[in-house]
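First comes the structure, then the notes that go with it.
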Amino acid sequence: MNFIQTNLQDVYLIALNKIEDERGFFARSFCSNEFKKYNLNPNFVQQNISNSYQLHTLRGMHYQIGKYAEDKYIRCHKGSIQDVIIDLRKNSTTYLQHQSFNLSEKNYTGLYVPKGFAHGFITLAEDVVVSYLVSSNYDSKSERAIRWNDPLFSINWPTPSPVISEKDSNLANFNSIKSGLNNNYLDSDE
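Number 194 marks the last residue of the sequence shown (our numbering); no jumps.
As C-alpha coordinates, this is what we get:
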(Lines of atoms letter the chains of each structure in order from A and count residues from 1; the text may use other names and numbers.)
(Lines give C-alpha, C1' and ligand atoms only; values in the text may rest on other atoms or scores of the structure.)
Protein backbone atom coordinates (compact mmCIF):
# COMPACT_ATOMS: atom_id res chain seq x y z
CA MET A 1 0.00 0.00 0.00
CA ASN A 2 1.28 3.44 -0.94
CA PHE A 3 0.07 6.37 1.16
CA ILE A 4 0.12 9.65 -0.75
CA GLN A 5 -0.38 12.91 1.18
CA THR A 6 -2.90 15.19 -0.54
CA ASN A 7 -3.16 18.99 -0.49
CA LEU A 8 -5.50 18.77 2.50
CA GLN A 9 -4.14 18.23 6.00
CA ASP A 10 -4.38 14.59 7.21
CA VAL A 11 -6.00 13.31 3.97
CA TYR A 12 -4.34 10.45 2.05
CA LEU A 13 -4.82 8.71 -1.25
CA ILE A 14 -4.01 5.02 -0.84
CA ALA A 15 -2.75 3.15 -3.89
CA LEU A 16 -2.53 -0.63 -4.00
CA ASN A 17 0.66 -2.62 -4.44
CA LYS A 18 -0.63 -5.24 -6.83
CA ILE A 19 0.97 -8.67 -7.15
CA GLU A 20 0.04 -9.79 -10.67
CA ASP A 21 0.26 -13.05 -12.56
CA GLU A 22 -1.69 -14.86 -15.29
CA ARG A 23 -4.72 -15.21 -12.96
CA GLY A 24 -5.04 -11.50 -12.26
CA PHE A 25 -3.76 -9.69 -9.18
CA PHE A 26 -3.81 -9.74 -5.39
CA ALA A 27 -3.45 -6.69 -3.15
CA ARG A 28 -4.19 -5.58 0.37
CA SER A 29 -6.75 -2.77 0.29
CA PHE A 30 -6.70 -2.24 4.06
CA CYS A 31 -4.18 -3.04 6.79
CA SER A 32 -4.50 -1.62 10.31
CA ASN A 33 -0.73 -1.75 10.86
CA GLU A 34 -0.12 0.32 7.71
CA PHE A 35 -2.76 2.86 8.76
CA LYS A 36 -1.13 3.19 12.19
CA LYS A 37 2.27 3.97 10.58
CA TYR A 38 0.68 7.13 9.15
CA ASN A 39 -1.27 7.93 12.33
CA LEU A 40 -4.55 7.13 10.60
CA ASN A 41 -7.42 5.63 12.55
CA PRO A 42 -7.72 1.92 11.61
CA ASN A 43 -10.77 1.30 13.80
CA PHE A 44 -13.72 1.08 11.44
CA VAL A 45 -17.08 -0.10 12.78
CA GLN A 46 -19.36 0.04 9.73
CA GLN A 47 -19.08 -0.47 5.98
CA ASN A 48 -21.49 1.31 3.63
CA ILE A 49 -22.07 0.46 -0.03
CA SER A 50 -23.90 2.61 -2.55
CA ASN A 51 -24.95 1.63 -6.05
CA SER A 52 -25.82 4.60 -8.27
CA TYR A 53 -27.58 3.60 -11.48
CA GLN A 54 -27.37 6.86 -13.41
CA LEU A 55 -24.53 9.00 -14.75
CA HIS A 56 -23.99 12.18 -12.70
CA THR A 57 -25.70 10.91 -9.56
CA LEU A 58 -24.54 13.14 -6.70
CA ARG A 59 -24.46 12.21 -3.03
CA GLY A 60 -23.30 14.86 -0.56
CA MET A 61 -21.94 16.89 1.08
CA HIS A 62 -22.42 14.89 4.30
CA TYR A 63 -20.76 14.60 7.72
CA GLN A 64 -21.59 13.61 11.30
CA ILE A 65 -20.92 15.61 14.46
CA GLY A 66 -19.87 15.09 18.06
CA LYS A 67 -19.09 11.57 19.21
CA TYR A 68 -20.44 10.26 15.88
CA ALA A 69 -17.97 12.22 13.74
CA GLU A 70 -16.42 9.79 11.25
CA ASP A 71 -13.10 8.91 9.73
CA LYS A 72 -13.81 7.43 6.28
CA TYR A 73 -11.98 5.18 3.85
CA ILE A 74 -13.63 5.40 0.43
CA ARG A 75 -13.17 3.14 -2.59
CA CYS A 76 -14.89 2.88 -5.98
CA HIS A 77 -15.36 -0.77 -6.98
CA LYS A 78 -17.28 -0.33 -10.23
CA GLY A 79 -17.27 2.63 -12.60
CA SER A 80 -15.74 5.94 -11.53
CA ILE A 81 -16.50 8.93 -9.33
CA GLN A 82 -15.33 12.44 -8.64
CA ASP A 83 -14.96 12.33 -4.86
CA VAL A 84 -15.00 15.72 -3.11
CA ILE A 85 -14.15 16.68 0.47
CA ILE A 86 -14.26 20.00 2.33
CA ASP A 87 -12.17 20.64 5.46
CA LEU A 88 -14.47 21.99 8.20
CA ARG A 89 -11.91 21.84 11.03
CA LYS A 90 -11.38 25.43 12.24
CA ASN A 91 -7.88 24.68 13.59
CA SER A 92 -6.72 23.03 10.37
CA THR A 93 -4.21 24.68 8.06
CA THR A 94 -6.56 23.78 5.20
CA TYR A 95 -9.80 25.02 6.82
CA LEU A 96 -12.58 25.55 4.24
CA GLN A 97 -10.44 24.22 1.41
CA HIS A 98 -11.76 21.44 -0.78
CA GLN A 99 -10.19 18.92 -3.10
CA SER A 100 -11.52 16.50 -5.73
CA PHE A 101 -10.21 13.02 -6.46
CA ASN A 102 -10.92 10.57 -9.26
CA LEU A 103 -11.56 7.13 -7.79
CA SER A 104 -12.33 4.27 -10.15
CA GLU A 105 -12.36 0.54 -10.71
CA LYS A 106 -9.33 1.06 -12.96
CA ASN A 107 -7.04 3.00 -10.62
CA TYR A 108 -7.95 1.00 -7.47
CA THR A 109 -7.13 4.07 -5.37
CA GLY A 110 -8.75 4.62 -1.99
CA LEU A 111 -9.17 7.86 -0.06
CA TYR A 112 -8.74 8.30 3.70
CA VAL A 113 -10.71 11.25 5.10
CA PRO A 114 -10.46 12.14 8.80
CA LYS A 115 -13.20 13.46 11.07
CA GLY A 116 -14.19 17.04 10.39
CA PHE A 117 -14.67 16.88 6.62
CA ALA A 118 -17.83 17.12 4.56
CA HIS A 119 -17.83 14.38 1.92
CA GLY A 120 -19.65 13.72 -1.31
CA PHE A 121 -19.24 12.30 -4.79
CA ILE A 122 -20.71 12.37 -8.26
CA THR A 123 -20.72 9.39 -10.60
CA LEU A 124 -18.79 9.63 -13.86
CA ALA A 125 -20.44 6.52 -15.34
CA GLU A 126 -23.64 4.50 -15.05
CA ASP A 127 -24.05 1.70 -12.49
CA VAL A 128 -21.34 2.82 -10.06
CA VAL A 129 -20.54 0.96 -6.82
CA VAL A 130 -18.76 2.77 -3.97
CA SER A 131 -17.94 1.45 -0.51
CA TYR A 132 -16.72 3.29 2.52
CA LEU A 133 -15.54 2.15 5.88
CA VAL A 134 -16.47 4.51 8.71
CA SER A 135 -15.21 4.80 12.27
CA SER A 136 -18.62 5.56 13.84
CA ASN A 137 -22.06 4.11 13.48
CA TYR A 138 -24.70 6.13 11.67
CA ASP A 139 -26.70 8.40 13.96
CA SER A 140 -29.52 10.40 12.37
CA LYS A 141 -29.41 13.07 15.12
CA SER A 142 -25.71 13.67 14.38
CA GLU A 143 -26.08 13.80 10.60
CA ARG A 144 -25.31 17.16 8.95
CA ALA A 145 -24.73 18.32 5.38
CA ILE A 146 -23.83 21.30 3.20
CA ARG A 147 -25.35 22.21 -0.15
CA TRP A 148 -23.40 20.56 -3.00
CA ASN A 149 -23.18 23.73 -5.11
CA ASP A 150 -22.50 26.25 -2.35
CA PRO A 151 -20.85 29.25 -4.10
CA LEU A 152 -18.41 29.67 -1.18
CA PHE A 153 -16.54 26.56 -2.36
CA SER A 154 -17.02 26.82 -6.15
CA ILE A 155 -16.58 23.07 -6.60
CA ASN A 156 -16.06 22.18 -10.25
CA TRP A 157 -18.71 19.49 -10.76
CA PRO A 158 -19.00 17.89 -14.24
CA THR A 159 -22.64 18.97 -14.61
CA PRO A 160 -24.84 21.76 -13.23
CA SER A 161 -27.83 19.38 -13.10
CA PRO A 162 -26.94 16.17 -11.25
CA VAL A 163 -29.29 13.37 -10.27
CA ILE A 164 -29.76 14.20 -6.60
CA SER A 165 -32.11 13.32 -3.75
CA GLU A 166 -34.71 15.85 -2.67
CA LYS A 167 -33.07 15.93 0.76
CA ASP A 168 -29.64 16.83 -0.67
CA SER A 169 -31.06 19.36 -3.13
CA ASN A 170 -32.65 21.32 -0.26
CA LEU A 171 -29.55 21.64 1.95
CA ALA A 172 -28.35 24.99 3.29
CA ASN A 173 -25.17 26.79 2.30
CA PHE A 174 -22.20 26.72 4.69
CA ASN A 175 -22.53 30.32 5.88
CA SER A 176 -25.98 29.61 7.29
CA ILE A 177 -24.70 26.69 9.43
CA LYS A 178 -21.10 27.62 10.35
CA SER A 179 -21.94 29.09 13.76
CA GLY A 180 -22.56 25.53 14.99
CA LEU A 181 -19.01 24.35 14.26
CA ASN A 182 -16.40 24.17 17.01
CA ASN A 183 -12.63 23.75 16.84
CA ASN A 184 -12.47 19.97 16.92
CA TYR A 185 -14.73 17.52 15.14
CA LEU A 186 -17.64 19.89 14.55
CA ASP A 187 -20.38 20.80 16.94
CA SER A 188 -21.05 18.57 19.91
CA ASP A 189 -24.04 16.48 20.82
CA GLU A 190 -26.98 18.21 22.43
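Yeah, the Cβ is synthetic: ideal placement off N, Cα and C, and Gly gets one too.
Fair warning: this is a prediction, and the values are worked out from it, not measured in the lab.
Please report how far the alpha carbon of residue i lies from the alpha carbon of residue j, in whole angstroms.
i, j, result
"I1", "D91", "Absent from the structure is residue 1, since the part of the chain shown begins at 5 and ends at 194."
"D197", "A129", "Only positions 5 to 194 of the chain appear in the structure, and residue 197 is not among them; the question remains open."
"P164", "N174", "15 Å"
"N153", "N43", "32 Å"
"V138", "E26", "34 Å"
"V49", "V133", "20 Å"
"P162", "I85", "11 Å"
"F121", "I23", "33 Å"
"N141", "F29", "32 Å"
"P155", "T98", "18 Å"
Using C-beta distances below 7 Å, list every residue in its chain close to residue i, excluding the 5 sequence neighbours before and after it, in chain order.
i, result
"E38", "M5"
"F105", "L17, D87 and L115"
"S35", "Per the sequence shown, the amino acid found at residue 35 is Cys instead of Ser. If we look at C35 and ignore the five residues flanking it on each side, its Cβ neighbours are M5."
For the alpha helix (DSSP H) that contains residue i, what are its first and last residues?
i, result
"F39", "S36 to K41"
"D172", "E170 to S173"
Could you spell out the range, first to last residue, of the beta strand (DSSP E) harbouring residue i?
i, result
"V138", "V132 to V138"
"L92", "That residue, L92, is in no beta strand (DSSP E); it is neither H nor E in DSSP."
"N6", "N6 to Q9"
"R27", "From DSSP, R27 is part of no beta strand (DSSP E); its letter is neither H nor E."
Excluding the 5 residues preceding and the 5 following residue i in the sequence, name in chain order all residues of the same chain whose CB lies nearer than 6 Å to its CB.
i, result
"S146", "Q68, I69, G70 and Y72"
My guess is that residue i and residue j are in contact by the Cβ rule of under 8 Å, so how many angstroms apart are they, rounded?
i, j, result
"V117", "K76", "5 Å"
"D172", "G64", "7 Å"
### Message
Quick check on the DSSP output: what are the complete beta strand (DSSP E) runs of length 3 or more inside the region 47-73, in order along the chain?
### Response
Counting only runs that start and end inside the region 47-73, the beta strand (DSSP E) elements of at least 3 residues fall at 50-56 and 62-68.
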